[in-house]
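Below is one structure, written out as structure tokens, with a few remarks after it.
There are 2 protein chains.
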Amino acid sequence: MAHDIQIITEAELRGIVKLDLTTVDVIEAAFAALARGGVVMPPIMSMELEAMHGEVDAKTAFIPGFDSFALKVSTGFYGNAKLGLPSLNGLMVLFSAKTGRVEAVLLDNGYLTDVRTAAAGAVAARHLAPEVVETAGVIGTGLQARLQAEAAHLVRPFTRVLVHGRDMEKARACAADLARSLGIGAEAVDDPASLVAESQLVITTTPAREPVLKAEWLHPGLHVTAMGSDADYKNEIDPAALSRADSYVCDRVSQCESLGELRTALATGLWTGGTPAELGEVITGQKPGRRSPDAITISDLTGTGVQDTAIATHVRARFPKAGTIIRA
Amino acid sequence: MAHDIQIITEAELRGIVKLDLTTVDVIEAAFAALARGGVVMPPIMSMELEAMHGEVDAKTAFIPGFDSFALKVSTGFYGNAKLGLPSLNGLMVLFSAKTGRVEAVLLDNGYLTDVRTAAAGAVAARHLAPEVVETAGVIGTGLQARLQAEAAHLVRPFTRVLVHGRDMEKARACAADLARSLGIGAEAVDDPASLVAESQLVITTTPAREPVLKAEWLHPGLHVTAMGSDADYKNEIDPAALSRADSYVCDRVSQCESLGELRTALATGLWTGGTPAELGEVITGQKPGRRSPDAITISDLTGTGVQDTAIATHVRARFPKAGTIIRA
Numbered sequence: 011m012a013h014d015i016q017i018i019t020e021a022e023l024r025g026i027v028k029l030d031l032t033t034v035d036v037i038e039a040a041f042a043a044l045a046r047g048g049v050v051m052p053p054i055m056s057m058e059l060e061a062m063h064g065e066v067d068a069k070t071a072f073i074p075g076f077d078s079f080a081l082k083v084s085t086g087f088y089g090n091a092k093l094g095l096p097s098l099n100g101l102m103v104l105f106s107a108k109t110g111r112v113e114a115v116l117l118d119n120g121y122l123t124d125v126r127t128a129a130a131g132a133v134a135a136r137h138l139a140p141e142v143v144e145t146a147g148v149i150g151t152g153l154q155a156r157l158q159a160e161a162a163h164l165v166r167p168f169t170r171v172l173v174h175g176r177d178m179e180k181a182r183a184c185a186a187d188l189a190r191s192l193g194i195g196a197e198a199v200d201d202p203a204s205l206v207a208e209s210q211l212v213i214t215t216t217p218a219r220e221p222v223l224k225a226e227w228l229h230p231g232l233h234v235t236a237m238g239s240d241a242d243y244k245n246e247i248d249p250a251a252l253s254r255a256d257s258y259v260c261d262r263v264s265q266c267e268s269l270g271e272l273r274t275a276l277a278t279g280l281w282t283g284g285t286p287a288e289l290g291e292v293i294t295g296q297k298p299g300r301r302s303p304d305a306i307t308i309s310d311l312t313g314t315g316v317q318d319t320a321i322a323t324h325v326r327a328r329f330p331k332a333g334t335i336i337r338a
Numbered sequence: 011m012a013h014d015i016q017i018i019t020e021a022e023l024r025g026i027v028k029l030d031l032t033t034v035d036v037i038e039a040a041f042a043a044l045a046r047g048g049v050v051m052p053p054i055m056s057m058e059l060e061a062m063h064g065e066v067d068a069k070t071a072f073i074p075g076f077d078s079f080a081l082k083v084s085t086g087f088y089g090n091a092k093l094g095l096p097s098l099n100g101l102m103v104l105f106s107a108k109t110g111r112v113e114a115v116l117l118d119n120g121y122l123t124d125v126r127t128a129a130a131g132a133v134a135a136r137h138l139a140p141e142v143v144e145t146a147g148v149i150g151t152g153l154q155a156r157l158q159a160e161a162a163h164l165v166r167p168f169t170r171v172l173v174h175g176r177d178m179e180k181a182r183a184c185a186a187d188l189a190r191s192l193g194i195g196a197e198a199v200d201d202p203a204s205l206v207a208e209s210q211l212v213i214t215t216t217p218a219r220e221p222v223l224k225a226e227w228l229h230p231g232l233h234v235t236a237m238g239s240d241a242d243y244k245n246e247i248d249p250a251a252l253s254r255a256d257s258y259v260c261d262r263v264s265q266c267e268s269l270g271e272l273r274t275a276l277a278t279g280l281w282t283g284g285t286p287a288e289l290g291e292v293i294t295g296q297k298p299g300r301r302s303p304d305a306i307t308i309s310d311l312t313g314t315g316v317q318d319t320a321i322a323t324h325v326r327a328r329f330p331k332a333g334t335i336i337r338a
């Protein structure tokens with residue numbers, strides 16, 4: 011019983027899905043749906059391939075009211091650089107939520123993951139950052155450092171961005187790219203403490219296993235989005251910082267407990283806040299977000315299956331003619 | 011950095027992959043690899059969609075020495091019959107084991123799963139059934155009842171097959187299909203006890219939640235393959251039967267404990283045999299299989315990611331020109 015399946019390549023997806031406010035709204039709606047309940051989101055399936063210096067993650071989520079659900083596979087093979095290939099790859103498969111049949115295969119090589127991850131940062135900034143952000147700081151110098159800064163700029167059009175990384179050369183390259191893409195002042199800075207001191211919005215985008223942001227650097231009127239930790243051995247934020255903030259908000263509590271900043275804070279006994287709020291609950295107003303301009307807020311993003319389902323469903327609904335149709 | 015991705019449809023796959031001895035050998039090699047160690051096979055990712063009367067399973071496995079690994083998604087949506095669609099669907103995605111990039115998308119709508127599942131039954135029969143099987147019995151009347159009988163016939167060319175199901179009409183239809191496909195005598199039988207008594211090889215292929223095969227029916231010179239249970243609420247074999255058999259062999263112990271016949275036997279305290287053998291260990295000779303013509307053997311098949319990786323890798327290696335190439 012053959013049916014039409016839409017196959018869309020990375021190049022085609024880059025042409026139709028951008029990191030813009032439309033995409034931010036799509037991801038915001040996904041988090042809101044998560045808070046409204048009825049979402050089915052199993053734990054991430056992970057496979058560590060030590061022999062290949064690789065890892066594989068699969069995520070999925072069913073969202074009530076959505077016509078489709080995605081299953082996304084991300085691969086990270088860290089020997090690829092030597093072959094001149096990107097480390098991160100993958101695809102998304104979209105299934106009918108009514109019949110379970112494959113509707114689309116998005117051969118994005120990780121592009122949609124990059125976009126939906128950055129868009130979640132914008133959603134966090136929209137709901138938690140101070141209304142006025144003049145200076146944003148980024149700790150980390152990879153692709154997400156660039157995309158997170160661009161995403162945050164969509165909702166908080168700061169006029170200056172600071173970049174810190176262990177490798178100052180990479181920090182300068184990242185700052186130069188952001189100066190160009192955002193048309194604002196951008197500087198690489200040596201000292202992360204001063205980066206935080208000068209910023210109203212800080213994004214950490216590193217694979218750090220030891221904190222890169224100390225609790226004593228927190229200051230009134232600061233929002234921090236920690237998006238680097240997505241594994242049970244990563245940690246970007248000083249565990250003492252979470253309870254020191256006025257609001258600490260998870261993308262998904264169950265994931266942050268095992269893969270995010272909350273893991274270390276719980277393990278060290280430094281988290282004393284009970285069950286944290288989730289980003290979706292802040293969006294829907296079920297839980298408070300920022301309570302005052304001077305508040306300190308932290309959001310912890312581990313990456314959720316609802317983001318994948320939301321962006322993949324959006325692609326199919328908005329671009330039904332894109333790509334190649336294969337009858338299978 | 012676009013690369014070529016092979017897209018193969020169900021119709022194309024049906025033309026190139028058959029349930030034959032080649033496929034049985036491919037699946038046997040997968041189980042042998044599992045026993046040799048170094049396989050990485052995370053727990054199955056499962057999503058129950060009660061509202062849609064549906065379920066989604068994802069399986070994957072990395073096998074050392076294989077150029078690729080598959081991630082397979084199976085969907086079962088039990089309202090599809092009303093829409094005139096098959097309940098079971100899905101696809102397999104093949105990734106490079108060296109770079110993690112997508113190499114092929116096998117849009118099989120579950121066909122390869124059907125074949126690799128049946129082939130595992132043939133592997134179990136090859137290594138555990140008596141050398142001579144004159145009569146085989148099948149309890150269950152669905153697609154796997156037919157495929158399992160056909161697969162077992164490849165390795166034990168029995169001359170008569172008996173079929174039992176709760177619905178005698180379906181049992182007669184299944185027997186008629188098998189008479190045609192195997193060119194042997196086939197009968198539907200009302201009484202499962204007499205089916206077992208007359209058979210040297212019995213295959214259970216039901217979604218039963220209560221045993222369909224009783225321990226007291228076991229007789230010398232019998233092999234039973236229980237392939238129906240793949241969920242923590244299913245149970246086909248009387249839990250007392252497992253310890254009564256001379257050999258009880260799992261496809262994967264960790265899966266049979268939670269999803270197979272071993273689950274109920276452990277829960278009822280009726281399993282007293284310690285850690286069971288795995289099928290791969292019997293294939294490689296690490297553990298004994300059938301010890302004598304009169305022995306009673308049971309194999310418990312829950313379905314493993316190595317089977318998916320093996321069949322998908324086989325397709326790509328043997329049929330590199332099949333399907334459509336998409337540059338993505």
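Protein chains in written order, with the working numbering: chain A, 11 to 338; chain B, 11 to 338.
Glycine included, C-beta positions come from ideal geometry on N, C-alpha and C.
- For R337/A, the chain B residues whose C-beta falls within less than 8 Å of its own C-beta are T19, listed in chain order.
- According to the DSSP assignment, K180/B belongs to the alpha helix (DSSP H) that extends over M178 to L192.
- Fully contained in the stretch 181–257 of chain A are the following alpha helix (DSSP H) runs of length 4 or more, in chain order: 202–208 and 249–254.
- Taking C-beta atoms under 8 Å as the contact rule, V212/A and V234/A qualify, at a distance of about 5 Å.
- Using a 10 angstroms sphere on the CB of Q296/B, the tally of other CB atoms stays under 16, which defines it as exposed.
- Residue-level contact by beta carbon holds for L81/B and chain A, with a gap shorter than 8 Å.
- Counting of Cβ neighbours within 10 angstroms places V142/A among the exposed residues, the total staying below 16.
- At a cut-off of 8 Å, the C-beta of K108/A has a neighbouring C-beta in chain B.
- When the Cα atoms are used, F329/A and A80/A turn out to be separated by approximately 16 Å.
- Comparing alpha carbon positions, the residue from P298/A, A241/A, A185/A and A305/A closest to T274/A is A241/A.
- Contact check for I308/B and A218/B: beta-carbon distance about 15 Å, past the 8 Å limit, so the pair fails to qualify.
- In the three-state DSSP reduction, K297/A falls in the coil class, being neither helix nor strand.
- The beta-carbon separation of T214/A and E246/A, rounded to 4 Å, stays under the 8 Å limit for a contact.
- Fully enclosed alpha helix (DSSP H) runs of no fewer than 4 residues occupy 31–46 of the stretch 30–86 of chain A, in order along the chain.
- Counting other Cβ atoms within 10 Å of its Cβ, K82/B reaches 16 or more and is therefore classed as buried.
- Taking 8 Å as the threshold, the shortest C-beta distance from I321/B to chain A does not fall below it.
- Separation of L164/A and A322/A (C-alpha to C-alpha, rounded to the nearest whole angstrom) is 21 Å.
- Secondary structure at N119/B: coil, using DSSP grouped into helix, strand and coil.
- For F87/A, the nearest CB of chain B lies under 8 Å from its own CB, placing it at the interface with that chain.
- Near chain B, meaning a CB-to-CB distance below 8 Å, no residue of the stretch 162–190 of chain A qualifies.
- DSSP places S268/A in the helix class (H, G or I) of the three-state scheme.
- Among the residues facing chain B, N245/A is not included, as its CB has no counterpart in that chain under 8 Å away.
- Counting only unbroken stretches of 3 or more residues, the beta strand (DSSP E) elements lying wholly within the stretch 129–163 of chain A are 145–149, in sequence order.
- Classified as exposed, E220/A has fewer than 16 neighbouring CB atoms from the shown chains inside 10 Å of its CB.
- Listed in chain order, the beta strand (DSSP E) elements of length 3 or more contained wholly in the stretch 303–338 of chain B are 306–310 and 334–337.
- In the DSSP assignment, R170/B falls within the beta strand (DSSP E) that extends over R170 to H174.
- The C-beta distance from A71/B to G299/B rounds to 23 Å, too long to fall under 8 Å, and the pair is not in contact.
- Flagged as an interface residue toward chain A: I15/B, by a C-beta distance shorter than 8 Å.
- When secondary structure is reduced to three states using DSSP, G100/B falls in the strand class.
- For V50/A, the closest of R111/A, A107/A and G238/A by C-alpha to C-alpha distance is A107/A.
- Within the same chain, Cβ atoms closer than 7 Å to the Cβ of R111/B are found at H13 and F105, the five residues on either side in sequence being excluded.
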